[in-house]
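Asker: Protein chains in written order, with this note's numbering: chain L, 1381 to 2273; chain U, 1381 to 2273. We put the beta carbon where it would ideally sit given N, CA and C, even for glycine. My questions all concern the structure below.
Shown next, in the form of structure tokens:
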């Protein structure tokens, strides 16, 4: 027999757990214990640890030996504290059973309330509470939840109504009433009977009357829910290992539904949308907790600070004593945890009980504000503040917003549940959202209310709109966590799933119609709305300033235009790490000259065409260098295969033929000649420059001419010319010679000297392994981790979608290696490349310019391997700055 | 001023060089010096070292300081030895000027004979020789060669006649004579005048009369020829670095054209075609050396052993004294060099002079025979013998020969210039050969005679046929060097370049017609001829036996059929290193089942189709395992992307749709769905097995069922199941589990246990870097260097042709990395993979199964990094065995 302890008791002054034991007790269990420890009123109970879950799955879904005895002992302890007995009809102790894993997985897991009840106990509860309706309502709720969660009576099809709700609806019709609350005690009794009959009929299972049997059934269901599809999807999306397991919390019930002196609610110690220091919460009178979260009744504000509707009654007004207790407690909790808390409470007959506290989810705006405010309040230090904000979440703040000058048609207003701006086409089902999005459509997911089953669709939607539910409804919480724009509880909408329509003030919107959402204002807008760049300042600027003080890693940007360069510079970019020149080849007349070059049979013909491109390229570089005055600009020579510049359809080939004065057949012949089986591994990058050195020559000339011209105007330019797709040192030397010879010639012509560097991308695996050789000639390295990932893994980025999903599901990769650098594979090659490059040149400047340069985890990696800079898209520059600061704090090296 | 010595004198007992100084003096120069050292009669002269060439190109085509003085001193020394003076009309000393690089580059470089002559000197030569015709013939030859080589008067178009030959033809017509030799002394004088006039007219250059000016002009031309196109092409084909440079040999002339007591010839000390120990040579009376090589007059045999035409006069018969001297010298040279020699000689008025000796080029058959014979003769030891044969050359012996039972129509017989059998379509120009071959055609290059300009076309031709020239003609020598089948001097052919026809006995063959060549018999055969496998024995078997005694590296084969397995086993294969299973999927009805599987929407449908494939696969493995009884057989699970199994053209898609009873649209939709941008990096290899484990399961079942069945029959089988395209350890574990679970099940069903291994390809760069992790589960590694090369270099094998040529020309790669492993790049990853794999499992079995497994240089590499085996195509097994032995001898490790 094992000596392992599986069950941890919690009650005032008697807790066996504490906040630090999250891995063992789950977040909820650990914090319940901790609240008991610091004198906050918590209904007593006990936690089955995550090790039970692990043992359960390791042991073919059997519980470890000794668990039963430990649970019985914990029940007995709870009974002692409360002076009530589990299963005692005279003064029954009821339990809630809830999951609780190491990190919060909102709505992912199942919960059962009012457990330990049957007809006889209900009668006892009625007697002792003097409130038969409450007793039968509790029993009705229990049978419904238990039937759903444990006995698995659910709608067969997603669009079917809930079987229990159908019975309730029928009952209301039969009785001629509107609201659930209008049903009488006898009605509730009938419902219980009908529920049980429906369960028996549909599942063939008898509803258990024995409290202990009920308890083990619920515990089993919670552990079982750890492996259900929606939990698995959530874990995949959030990279949570399935080995972590969940704990099960069995807690004595307190009742918010015992009468009008009862209530239940949720609150945040600061505003989770913007971080303002206000106590922000919602509650429902005479309700149980699930009613608030589920969004069935629209909750009321706890105090005046968030009261918007004059008809609403605040908790402060209605129940001042428990409200003041709640204020004391939230302050205590925030001071204790030194972070904004998300709390759940129940008031039973005027007495306040806390059911949960945890660090509250928040928008990026709120995270930044709270972190900065808490430093100013002396609650935390700057380092803690820097670590408090997830760099990735800044994305929410950095994306364009609706142009305030745009004339918009607001068709409805709901709750500003998650900030941001979104434009997309309406879909009504999460599956459709996934399908449409897979085809490249921007979609807005429109639902009456969302449920955990919708998680996949919510993840891909640009925005989420619901007609029911409050700021803490499922849709709102999940959207904020994802950083997705959300308008919730927009009652003006009449949503019809079957017809796939949404009607607002008589106007019908169909699936596929365009709408826009302003998640910061709660507005629903007809059609598409133009966006503008966000303005960053205040707390954001303060936090970024602290980050800049800390970090060593420089942050540059990938930008191909003066506009992008300016945007990035405003976001704090310290140079351009990747200026792609090929995009410039597509604009306007240029593409004609490019095609003329491709069609040319010989060098002379190519040179004629390139001469036409030269002035354009020089102007491009002039603008970019000017925008980046005093900062380095890395320009990559032509990279893509030439066939990318040719049209592939008949119509455009005809246009091209006419423009160049050649036959369609000649165009087609060239397209055929340039066809490649694996263009990714074909005639591109420096291979073009080696076959056609005149291309490199033209580009080098454009760069150096622009630099000379600017220098004459007194503008300081620092061009760095970067050769792509180098795999061997002779390739680099070949191209460097073309650049250096050209630069020399141009500077002689212009009569002015400019400084410049010639370096290389490291994106071919061979380049990383032979970096010592390449570094002999290269003046800098820039890791092109997009291509390096493709080649090191043998994954075509354009095709990997076909199997990457399987790979993530099987846990072969924990993350998409194109989003987050595969540190254990590709990363090893990067390390080798850095180490061998510096072996030859100890002070070699090294950066990264793949997409990974803006991914926080990858930025930390770049810091750890000793790179000098990362380069990322303009909107990710602040993300990279913050990630670099966190890297320095956590890995000072 | 530099102290470097640039000029090396050679003459009996006075040589400054020796055989070991080849790098400095070139092969020709070093051996001329060496012959002087061992008392062989050599006309004295001097060598300008290869360092002059290097300095010349390093210094912008200027000679190093001091060279002029050294050359003048060497001339003076030569004059002293011979008692004649350069430029002295009374007793003129003439020179030949020849190139001579470190390795022989036959016909690549230009030569000038009879240098140091003008009208006045010719008169003196006529007087002193008493032979005016000889003197004027020499002058005529000089003006012609100098005009061509130094003054660059050449045909404008390839098909134009030589301008000098045109003048000669006109002269012969004018004089009404047939042969050059019928022209009188006065005719020759006129020719000289007309040649000079033509040169002046066409090039604008005055012909130099000053001997010293002539000499520097010729030296400059030789150095210049080092960088001409045909020399560059030859170096590229033969991987000779351009830094090596060439030496220039300036040697006093002896005259084979002074009269009928004069002759010139070339000979081999053994038969270069088959290695027989006969003295084998050809000569021409009253001729200069170039006449023999150029193939203008058909030479005579030196002795009776190779006399085939009774009308021929052997040298032995005609000039017994110099012939006997030649026999003594060839024996002395062979004993001295301990290898078969290729010699050039001139007889001037009965006196024998040696102009060259070098190790003779030979066919593989000859190389093997000579090596084994020389061991038996006690001349060399076994190790030397093993190193004497180039493994690559064995290819000639191993390829199929014409089926002797086939009824063939021999249309003509020429000289058996290079053995082997070839079937192809007629082309008449080297350029056409390259173009047709580039399109995948097998071509036979048919020429009157070949010249160095044809080298590219000769390289790609399957066979070479000439109507003129002997066994030592350019075509014959080059073809033997390349191992290409050649029939030379087939006078029955009437070749018309303009009309692109070849007429034989009135029958006209056009470009594109099929013919076949038997290079061992000299036969030209109409149409295609079926081939059979060669039989290997005798000396070949002896040599391979010695190789096997020496080598440590095992040699396996890549084989997908029992027939290939048997062929390879006969060639000495010690197992199968790669049995590809996908080829089996194409045969007969199988492809229907494969397509059914691909079209299936779900696992059940796939399983139904796979069940149909199972018996076929089991039978395949049964046959292969049986053929390889007692030897290991590595079977690779399905590798190619599924779209390779679908038809891509309308007609075949329609057939497929009808066969499967679906619509054409459904087929097209599937083809579209499976389309990939970079299939090389797409859904293939183990990625298929991970998405569709039932495929791996079926294959594992087929393998283990076959193994069980055979074991029951008492046949010992050693299956090794290999998972392709693994990049991460979880992928391998995933597939290994499928295999192991299936094997267990099959063995339980069959009631018998078989031993088997599960291992992985290492072909994705990530696999090599993380080999330590993968080795935890893998029981063997096999490096798939084809794909590893593609991914490490980022070169698509199917597309790299577009730039690889440029890369070889620019020296970025010395060799095609798909033929010879890129040891400094891909090889580093292989080393990392071996080292990390063995770090986890010190006795891990490691092999290679890419094409490189049959490439001798790559085999040496595999030996050096400590692999256990290489695997290659059946016909390359002996090559790998020999290469492995050489590796062991040269790198005993």
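1) Residues bridged to residue 2276 of chain L by DSSP?
2) Between the stretch 2168 to 2185 of chain L and chain A, which residues of the former have CB atoms less than 7 Å from a CB of the latter, in chain order?
3) Give the straight-line distance between the Cα atoms of residue 1643 of chain U and residue 2112 of chain L, rounded to the nearest whole angstrom.
4) Along chain L, in chain order, which residues have C-beta atoms closer than 8 Å to that of residue 2190 of chain U?
5) Out of L/1771, L/2043, L/2091, point me to the one whose CA is closest to residue 2005 of chain L's CA.
6) Starting from residue 1550 of chain L and walking both ways along the alpha helix (DSSP H), at which residues does that stretch end?
7) Could you give the uninterrupted runs of the alpha helix (DSSP H) lying entirely in the stretch 1639 to 1688 of chain L, keeping only those of 4 residues or more?
8) Just checking my contact of residue 2139 of chain U with residue 2160 of chain U at CB under 8 Å: how many whole Å lie between their CB atoms?
9) So with Cβ pairs under 7 Å, would you call residue 2063 of chain L a contact of chain U?
10) Between the C-alpha atoms of residue 2254 of chain L and residue 1526 of chain L, what's the straight-line distance to the nearest angstrom?
11) Using a beta-carbon distance below 7 Å, is residue 2145 of chain U in contact with chain L?
12) Counting only beta-carbon atoms, is residue 1977 of chain U nearer than 7 Å to chain L?
13) At least one CB of chain U closer than 7 Å to the CB of residue 1381 of chain L: is that the case?
14) Please classify residue 1693 of chain L: is it buried, with 16 or more other beta-carbons within 10 angstroms of its beta-carbon, or exposed?
15) Give me the Cβ distance between residue 1576 of chain L and residue 1523 of chain L, rounded to the nearest whole Å; I'm assuming they're in contact under 8 Å.
16) Who are the near neighbours of residue 2278 of chain L in its chain, counting only those whose CB is closer than 7 Å to its CB and skipping five residues on each side?
17) Do you know offhand how far residue 1381 of chain L's Cα is from residue 1436 of chain L's?
18) Going along the chain, which residues of its own chain have a beta-carbon closer than 7 Å to the beta-carbon of residue 1772 of chain L, five neighbours each way excluded?
19) Can you confirm whether the stretch 2194 to 2203 of chain L touches the stretch 2119 to 2136 of chain L when touching is taken to mean that 3 or more C-beta pairs between the two stretches lie within less than 8 Å?
20) Using 8 Å for Cβ pairs, my map puts residue 1426 of chain L next to residue 1461 of chain L. What's the rounded Cβ distance?
21) Tell me the residue span of the beta strand (DSSP E) that contains residue 2227 of chain U.
22) Answer yes or no: does any C-beta atom of chain L fall closer than 7 Å to that of residue 2056 of chain U?
23) Is the CB-CB distance between residue 2009 of chain L and residue 2095 of chain L below 7 Å?
24) What residues in the stretch 2149 to 2164 of chain U bring their beta carbon closer than 7 Å to a beta carbon of chain L?
25) So what's residue 1480 of chain L in DSSP terms, helix, strand or just coil?
26) So, at 6 Å on beta carbons, what are the nonlocal neighbours of residue 1994 of chain L in its own chain, with the 5 sequence-adjacent residues on each side left out?
27) Closer than 9 Å by beta-carbon distance: list the chain L residues that pair up with residue 2059 of chain U, in chain order.
28) Does the stretch 2212 to 2232 of chain L come within contact of the stretch 2146 to 2156 of chain L, defined as at least 3 CB pairs closer than 8 Å?
29) How would you write the range of the beta strand (DSSP E) that residue 1889 of chain L sits in, first residue to last?
30) Any residues in the stretch 2078 to 2112 of chain L with a beta carbon nearer than 7 Å to a beta carbon of chain U? Which ones, in chain order?
31) Can you pull the chain L neighbours of residue 2218 of chain U, defined as C-beta to C-beta under 9 Å?
32) By the three-class DSSP mapping on this structure, what secondary structure does residue 1911 of chain U have?
33) Verify the CB distance criterion: does residue 2016 of chain L have a CB-CB separation below 7 Å to chain U?
34) Going by C-alpha to C-alpha distance, which of U/2046, U/1678, U/2165, U/1480 sits closest to residue 2239 of chain U?
35) Note down, in chain order, every chain L residue with its Cβ under 7 Å from the Cβ of residue 2137 of chain U.
36) If we call anything under 7 Å between Cβ atoms a contact, is residue 1897 of chain U one with residue 1865 of chain U?
Answerer: So, to answer that:
1) Past the edges of chain L, shown from 1381 to 2273, lies residue 2276 of chain L, and the structure says nothing about it.
2) Structure shown: chain A not included; protein chains present are L and U.
3) 55 Å
4) 2070, 2110, 2114
5) Nearest neighbour of residue 2005 of chain L by Cα position, chosen from L/1771, L/2043, L/2091, turns out to be L/2091.
6) Residues 1543 to 1555.
7) 1669 to 1674
8) Taking the Cβ atoms as the reference, residue 2139 of chain U lies roughly 3 Å from residue 2160 of chain U, within the contact range of under 8 Å.
9) yes
10) 51 Å
11) yes
12) no
13) With a pLDDT of only 45 at residue 1381 of chain L, under the threshold of 50, the placement of this residue in the model should not be trusted; the figure read from the coordinates follows. For residue 1381 of chain L, the answer is no, since every Cβ of chain U falls outside 7 Å of its Cβ.
14) exposed
15) 6 Å
16) No information on residue 2278 of chain L is available, as it lies outside the stretch 1381 to 2273 that chain L covers here.
17) Note on residue 1381 of chain L: pLDDT 45, under 50, position unreliable in the model; the coordinate value appears next. Computed Cα separation, rounded: 16 Å.
18) 2236, 2259
19) no
20) Not a contact, Cβ separation roughly 11 Å.
21) Taken as a continuous stretch (DSSP letters only), the beta strand (DSSP E) holding residue 2227 of chain U covers 2225 to 2228.
22) yes
23) Yes, Cβ-Cβ distance for residue 2009 of chain L and residue 2095 of chain L is below 7 Å.
24) 2149, 2150
25) strand
26) 2078, 2082
27) Simply 2057, 2058, 2176, 2179.
28) yes
29) 1887 to 1890
30) From the stretch 2078 to 2112 of chain L, only 2105, 2107, 2108, 2110, 2111 have a Cβ closer than 7 Å to chain U.
31) The contacting residues do not exist; residue 2218 of chain U stays about 18 Å from chain L at best.
32) strand
33) no
34) U/2165
35) What residue 2137 of chain U touches in chain L: nothing, since even the nearest Cβ is about 22 Å away.
36) yes
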